[in-house]
Amino acid sequence: IAATTAMISLVEVIIAFFSEELGISRIKAVIINAAIIIIIGAITTISFDTSSALGKITILNKNFFDFFDAMSSNYLMPLGGLLVTALVGHFVPKESIRSILSNNGKLKNNLIVNVFLILIRFVTPILIILVFLSAIKVI
346 IAATTAMISL
356 VEVIIAFFSE
366 ELGISRIKAV
376 IINAAIIIII
386 GAITTISFDT
396 SSALGKITIL
406 NKNFFDFFDA
416 MSSNYLMPLG
426 GLLVTALVGH
436 FVPKESIRSI
446 LSNNGKLKNN
456 LIVNVFLILI
466 RFVTPILIIL
476 VFLSAIKVI
């Protein structure tokens, strides 16, 4: 159940983008995205090892399964983390962050919030970049 609800919450963002920004009806957006997910899932499933139907087809010396795994783990997740830290650390107003993290001022945690703001602006991006460089074997 947890995986299903998590998947629904992830897909909802894409559905909302298709319907609100591209002007496609929600039903068509769901069908289009479901088809894309099914196609990518099927390709990855039937390329899991060399004895499977697409197992001998490679991209950058990796079968589809390993290619998608490497792309998401080594590139997309660090990039997403870096974008989130940049957005929260540099574009979301500090008072909004303070309000959220202190439950609208009910919690007296100014020291923790100040540490969080320093970490999210300066420390976390450096650590994510180091993880990314390690994943792509630069360091």
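In the numbering used here, the protein residues as written are 346 to 484. No residue lacks a Cβ here, since even glycine has one placed at the ideal position from N, Cα and C.
Rounded straight-line distance, which links the Cα of residue j to that of residue i
i           : j           : result
residue 346 : residue 478 : 35 Å
residue 378 : residue 453 : 44 Å
residue 393 : residue 406 : 14 Å
residue 397 : residue 365 : 40 Å
residue 528 : residue 425 : A question about residue 528 goes unanswered here, because the residues of the chain that appear run from 346 up to 484.
residue 457 : residue 466 : 14 Å
residue 545 : residue 429 : Residue 545 is absent from the structure shown; the chain starts at 346 and stops at 484.
residue 382 : residue 395 : 23 Å
residue 386 : residue 468 : 36 Å
Counterpart residues of residue i in DSSP-defined beta bridges
i           : result
residue 404 : 407
Residue from the options with nearest C-alpha to residue i
i           : options               : result
residue 474 : 463, 414, 465 and 427 : 427
residue 470 : 391, 431, 385 and 390 : 431
residue 435 : 401, 463 and 448      : 463
Extent of the continuous alpha helix (DSSP H) run through residue i
i           : result
residue 360 : 347-365
residue 371 : 371-390
residue 461 : 455-463
residue 480 : 469-480
What are the start and end residues of each continuous alpha helix (DSSP H) run of 4 or more residues lying completely inside the stretch 408-452, in chain order? 409-415, 422-435 and 439-446
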